[in-house]
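Residue numbers (this note's numbering): -9 to 442.
Using N, Cα and C, we set each Cβ at its ideal position, and we do this for glycine too.
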């Protein structure tokens, strides 16, 4: 690498600065190289992931690394910031004051994409809905490229043949720095307080999510949150979904002879018992996908086939095992309180809960209410275990474990026949694991190690 510096300010001939390497930063690097654009690369880590790849890809690029990395911004016109870099970062604050454009990788994608974009966001369920829509396109004979916050980075999708649709899972971080998305269909599933450590307030977090509607042709929204409907632009076609009975042209649940059905208006579509996905929150995900699929022009029969066959993604209400009459469910993807509440509400019967990690400012009183009279015990892990314990101590016995394996053993000891041991952390995993997948894998391994 021509220049890898720590602490010392760097000058570059480039007028673009890429802040943060890793998966997103490297996708930006590949995009810039394809378009013949020079850039300065900055990361607060001394050995960030992707550094070796960057050396090979752009051997002449200037790179500044380390906690005290500083650069002179006088020649910089645009900063492409990775999602993990908070808006409060001093360099970004200085850049905005200087009138420098601070954008996400999604902003670059939106400017170049030539196929219609289906943008999916929400506090919970966006990975499942994004995957459902991709599978529904396949079943209906349409080509779809899915990615962004899920799977392949958005900018890498531009290297493939033009599809019928791009289906993007978008985080609040990405939307915060995106101005020209203009989605054909904007899907906002739900909003519960999350990432308050990054956004600093729930209002800021909500406003970031609402950016998905900017210049959208059509919107899919939840009826459970009245504020969401107020954010959709005038003239935008809206299709709503919810677990109540739907109006004509909208999606919800209807009951006939004691059986609940997914429905469009008065039209019965699929019995909820025939869904391969588990839980009431996945009924909402299915309804949202149907609404978006209709706006995409997908055949109903193809969409219903996918809903009858797709069992869900790993670490999302994943039934790991049933041992001694106890079900063990892995919902490690429940990384905020709202997701943990949805997990709990999706299960019938008594629960032994495993939760904890980095709370990100979440309020666990809502989780306590959801567990009312249904919690046999809670076993807590991670850096914010004591804080969560304060919210749950009146509900049932609470114990703190040193690690996930110990938590599983304790939870199994509390559980009785017919109970469910549920991993729904309500927290980020980074205090003990590199990501929620590693946390879920550790839970699965620990469950498999229990006696049958």
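Is residue 271 closer than 9 Å to residue 230 when the C-beta atoms are compared? Locating residue 230 in the chain shown gives position 240, counting from the first residue. Locating residue 271 in the chain shown gives position 281, counting from the first residue. Against a cut-off of 9 Å, the Cβ pair of residue 271 and residue 230 comes out as no contact.
Whose C-beta lies closer than 8 Å to the C-beta of residue 425 among residues of the same chain, with five residues either side of it excluded? Translated into positions along the chain shown, residue 425 becomes position 435. Closer than 8 Å at Cβ, skipping near neighbours: 419.
Can you tell me where the alpha helix (DSSP H) with residue 398 in it begins and where it stops? Here residue 398 refers to the residue found at position 408 of the chain shown. First-last of the alpha helix (DSSP H) with residue 398: 394 to 404.
Distance, Cα to Cα, residue 181 vs residue 203? The residue given as residue 181 occupies position 191 in the chain shown. The residue given as residue 203 occupies position 213 in the chain shown. Distance between the alpha carbons of residue 181 and residue 203: 14 Å.
Name the residue from 94, 434, 42 and 379 whose alpha carbon lies nearest to the alpha carbon of residue 9. The residue given as residue 9 occupies position 19 in the chain shown. Taking each of 94, 434, 42 and 379 in turn and checking the Cα distance to residue 9, the smallest one comes out for 94.
In whole angstroms, give me the CA-to-CA distance for residue 432 and residue 382. On the chain shown, residue 432 is found 442 positions in, with the first residue counted as 1. On the chain shown, residue 382 is found 392 positions in, with the first residue counted as 1. Their backbone Cα atoms lie some 24 Å apart in a straight line.
Whether or not the stretch 158 to 170 and the stretch 133 to 144 are in contact is what I'm after, with contact meaning three or more pairs of Cβ atoms, one per stretch, closer than 8 Å; do they touch? In short, these stretches touch, since the Cβ pair count reaches three.
Could you check whether the stretch 52 to 61 touches the stretch 123 to 131, counting it as contact only if at least three pairs of C-beta atoms, one from each stretch, sit closer than 8 Å? Judged by Cβ distances under 8 Å, the stretch 52 to 61 makes no contact with the stretch 123 to 131, as fewer than three pairs qualify.
With a threshold of 6 Å on Cβ separation, who are the neighbours of residue 301 within its own chain once the five nearest residues in sequence on each side are excluded? Residue numbering aside, residue 301 sits at position 311 when the chain shown is read from its first letter. These residues qualify, in order along the chain: 266.
Do the CB positions of residue 293 and residue 278 come within less than 9 Å of each other? The residue given as residue 293 occupies position 303 in the chain shown. The residue given as residue 278 occupies position 288 in the chain shown. With respect to residue 278, residue 293 sits apart: the two C-beta atoms are not nearer than 9 Å.
Using the rule of at least 16 other Cβ atoms within 10 Å of the residue's Cβ for burial, across every protein chain shown, is residue -8 buried or exposed? Taking the first residue of the chain shown as position 1, residue -8 is located at position 2. In this prediction, residue -8 scores a pLDDT of 43, lower than 50, which makes its location untrustworthy; the coordinate-derived value is nonetheless stated afterwards. With fewer than 16 other Cβ atoms inside 10 Å of its own Cβ, residue -8 counts as exposed.
Member of 313, 66, 253 and 176 whose CA lies at the smallest distance from the CA of residue 111: Position 121 of the chain shown, counted from the start, is the residue given in the question as residue 111. If we check each option's Cα against that of residue 111, 176 comes out closest.
Option nearest residue 104 by Cα separation, candidates 156, 65 and 116: Here the question's residue 104 lines up with position 114 in the chain shown. The candidate whose alpha carbon is nearest that of residue 104 is 156.
Examine the Cβ distances between the stretch 74 to 85 and the stretch 37 to 53 and report whether three or more of them are shorter than 8 Å. No, they do not touch.
Assuming residue 399 and residue 342 make a contact with CB atoms under 8 Å, what is their CB distance in whole Å? Counting from 1 along the chain shown, the entry for residue 399 is found at position 409. Counting from 1 along the chain shown, the entry for residue 342 is found at position 352. The beta carbons of residue 399 and residue 342 sit about 12 Å from each other, so the pair does not count as a contact at 8 Å.
Exposed unless 16 or more other CB atoms sit within 10 angstroms - verdict on residue 429: For this step, residue 429 is matched to residue 439 along the chain shown. By the neighbour-count rule (16 or more Cβ atoms within 10 Å), residue 429 is buried.
Which same chain residues end up closer than 7 Å to residue 356 when comparing Cβ atoms and leaving out the 5 residues on each side of it in sequence? To locate residue 356, count along the chain shown from 1; it is residue 366. Counting only residues of its own chain and dropping the five nearest sequence neighbours on each side, residue 356 has a CB closer than 7 Å to the CB of 327 and 331.
Under the rule that 16 or more other beta-carbon atoms within 10 Å means buried, what is residue 437, buried or exposed? Working through the chain shown from its first residue, we reach residue 437 at position 447. Residue 437 comes out buried.
Own chain, CB closer than 6 Å to residue 395, minus 5 neighbours either side, in chain order: Residue 395 sits at position 405 when you count from the first residue of the chain shown. Same-chain partners within the cutoff: 436.
Decide yes or no for the touch test of the stretch 385 to 395 against the stretch 368 to 375: beta carbon pairs closer than 8 Å, at least 3 of them. With a cut-off of 8 Å on Cβ pairs, the stretch 385 to 395 is in contact with the stretch 368 to 375, counting three or more such pairs.
Report, in whole angstroms, the separation of the C-beta atoms of residue 286 and residue 108, which I expect to be a contact under 8 Å. Taking the first residue of the chain shown as position 1, residue 286 is located at position 296. Taking the first residue of the chain shown as position 1, residue 108 is located at position 118. Residue 108 and residue 286 do touch by the CB rule: their CB atoms are close to 7 Å apart, below 8 Å.
For my contact list, residue 414 and residue 345 are in at a C-beta cut-off of 8 Å; report their separation, rounded to the angstrom. Along the chain shown, one-based indexing puts residue 414 at 424. Along the chain shown, one-based indexing puts residue 345 at 355. Indeed, because the Cβ distance is near 6 Å, the residues count as touching under 8 Å.
Which term fits residue 309, buried or exposed, when burial requires 16 or more other beta carbons within 10 angstroms of its beta carbon? Taking the first residue of the chain shown as 1, we reach residue 309 at position 319. Residue 309 should be labelled exposed.
Residue 143 and residue 17 - do their beta-carbons sit closer together than 9 Å? In the chain shown, counting from the first residue as 1, residue 17 sits at position 27. In the chain shown, counting from the first residue as 1, residue 143 sits at position 153. Yes; because the gap between Cβ atoms is below 9 Å, this pair is in contact.
With DSSP as the reference, label residue 68 as helix, strand or coil. Counting from one through the chain shown, the residue named residue 68 turns up at place 78. Secondary structure at residue 68: strand, using DSSP grouped into helix, strand and coil.
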